[in-house]
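Protein chains in written order, with our numbering: chain A, 25 to 247; chain B, 25 to 247.
Note that beta-carbon positions come from the ideal geometry of N, C-alpha and C, so glycine has one too.
In what follows, a structure is listed as structure tokens, so that the remarks can point back to it.
Number of protein chains: 2
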Amino acid sequence: MGTVRHFLVELERLKHLLLQQGSLVEAAIYRSVAAVTGRNEALARDVLKNEVQIDRLEVQIDDFAVSLLALQQPMATDLRLIFASVKINNDLERMGDLAVNIAHRAVSLVSQPSIGPAAEIPRIGEMVESMVRKSIDSFIHGDPDAAREVLAADDDVDKLRTAIAEKLVGCMEQDSRNIRPSVDLLFVIKNLERIADHATNVAEDVLFLTKGIDVRHHAELPR
Amino acid sequence: MGTVRHFLVELERLKHLLLQQGSLVEAAIYRSVAAVTGRNEALARDVLKNEVQIDRLEVQIDDFAVSLLALQQPMATDLRLIFASVKINNDLERMGDLAVNIAHRAVSLVSQPSIGPAAEIPRIGEMVESMVRKSIDSFIHGDPDAAREVLAADDDVDKLRTAIAEKLVGCMEQDSRNIRPSVDLLFVIKNLERIADHATNVAEDVLFLTKGIDVRHHAELPR
């Protein structure tokens, strides 16, 4: 029984590490978006500087997960949790990478004229940040309802991105001086959309964990 | 001994499934790039149609890997192989997604004027296709030298993408009718760069497997 109990403690530690990574990634996303909207280069530099922390923690979490598999003979449900943790770890690190991409665009945008469609960034930023927060919460609390909300929000982000992209193309066509900042913003919203995709992956893993339903590559949401 | 032998057969089956997925993904990338360069909508539609095959095989490989972990008490090296397979499976499926993105851009490009920088696509396409092929080969044959070549090629792809992006911005500034096709091509080369990143991930996993060196998030290549 001592070993089983110890193993449960280790699983909690794994979840705790992922929560910690989730906080770092949330902060990176928040700051990178704020750097774009506030034309704040210092904030963008913070994101670039903190990338190494996220990268290190990713390796640490992976190694810890492998060690749990190697040292124990986990039960099927534990195995599933470890397996999901490895995937979620990967998704979180990618979100961190995407925040870094946004931060690079923020640095580039500071030296360019401000354009109208930039006003749309806060809204899509908030939508994506909320999805990320909810996806991490749904994993930590094993909450399938929160996970389903994340899946539902993904379509709204895609639609909003398409609408903003259309405005940006219009803005470029209006005045060629708008082209460079518009290209940067096209990639900012593309990166945000991809962060939302990763949050969706996390939510799908949570649904698989909590209900045993595999929703990857299926059009219908489980009820 | 019978069980051990059976387990080795299962590991070979896992590698075989990944090789199969690799072939599907290579074909998708090749066709999507050819659809862009040849302004061939039918080829792009093929890629969109075949996505479901890649998605199905991804789930099948994941399930098979989990079943191997659950039914056996694998040795450390086997565990590492299974673990790497799960990650490579994920990278391959993402490459398939990115080929689908390129195919969508190919469909959009067919109805637009042809622009000069499109002539640069075959070269970056071939570079990326070669990285993908080599990354899969390096995994199947456990070849660290091939994996190192993939890592080295990634920088060249990044540089070429930056150069083409600059040309595309210039092309947009020249004539506003070039804006829409240029935006499509900006995303084509971005998607190619991301495919190269996933091939790099695969190569890093192979180096980890064959040499036990973790090259993720390190600037220096192991010698």
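On the three-state DSSP scale, how would you describe Met99/A?
In the structure shown, Met99/A adopts coil according to DSSP, grouped into three states.
Taking CB distances under 8 Å as the criterion, tell me whether Met119/B reaches chain A.
By this cut-off, Met119/B is not an interface position.
Would you give the residue range spanned by the alpha helix (DSSP H) that Ile160/B belongs to?
That run of the alpha helix (DSSP H) goes 145-164.
Is there a C-beta anywhere in chain B that falls below 8 Å from the one on Met196/A?
Chain B, which has a Cβ nearer than 8 Å to the Cβ of Met196/A, makes this yes.
List, in order along the chain, the chain A residues whose C-beta lies closer than 8 Å to that of Arg204/B?
Under the 8 Å cutoff, chain A gives Val193.
Nearest-angstrom beta carbon gap, Leu81/B and Leu41/B [assumed within contact, 8 Å]:
A Cβ-Cβ separation of about 7 Å places Leu41/B in contact with Leu81/B under the 8 Å criterion.
Would you mind working out which of Asp87/A, Arg172/A, Leu216/A sits nearest Arg104/B, comparing C-alpha positions?
Among Asp87/A, Arg172/A, Leu216/A, the Cα nearest to that of Arg104/B belongs to Asp87/A.
Sequence-distant residues of its chain with Cβ nearer than 6 Å to Ala66/A (five each side left out)
Within the same chain, Ala66/A has no close Cβ partners at all.
State yes or no: is the C-beta of Met196/B within less than 8 Å of the C-beta of Ile188/B?
No, the pair does not count as a contact, with Cβ atoms beyond the cut-off.
Counting pairs of Cβ atoms below 8 Å between the segment 209-222 of chain A and the segment 114-128 of chain A, do you hit three or more?
Because the criterion of three Cβ pairs below 8 Å is met, the segment 209-222 of chain A and the segment 114-128 of chain A touch.
Three-state secondary structure assigned by DSSP to Ser17/B:
A question about residue 17/B goes unanswered here, because the residues of chain B that appear run from 25 up to 247.
According to DSSP, is Gly62/A part of a helix, a strand, or is it coil?
The answer is coil: DSSP assigns Gly62/A none of H, G, I, E or B.
Going by other Cβ atoms of all chains shown within 10 Å of its Cβ, with 16 needed for buried, is Lys158/A buried or exposed?
Within a 10 Å sphere around the beta-carbon of Lys158/A sit 16 or more other beta-carbons, which makes this residue buried.
For the pair the segment 214-230 of chain A and the segment 103-121 of chain A, tell me if three or more CB-CB distances fall below 8 Å.
The segment 214-230 of chain A is in contact with the segment 103-121 of chain A.
For Val212/B and chain A, any beta-carbon pair shorter than 8 Å?
Not closer than 8 Å to any Cβ of chain A, the Cβ of Val212/B fails to qualify, so no.
Segment limits, alpha helix (DSSP H) that includes Ala171/A:
If you look at Ala171/A, you'll find it in the alpha helix (DSSP H) that goes 168-198.
Between Asp178/B and the rest of its own chain, which residues show a CB-CB distance below 6 Å, the 5 nearest in sequence each way excluded?
Once the five neighbours on either side are set aside, the close Cβ partners of Asp178/B are Ala220, Thr224.
Nearest-angstrom beta carbon gap, Pro146/A and Thr234/A [assumed within contact, 8 Å]
Not really, about 32 Å apart at Cβ, beyond 8 Å.
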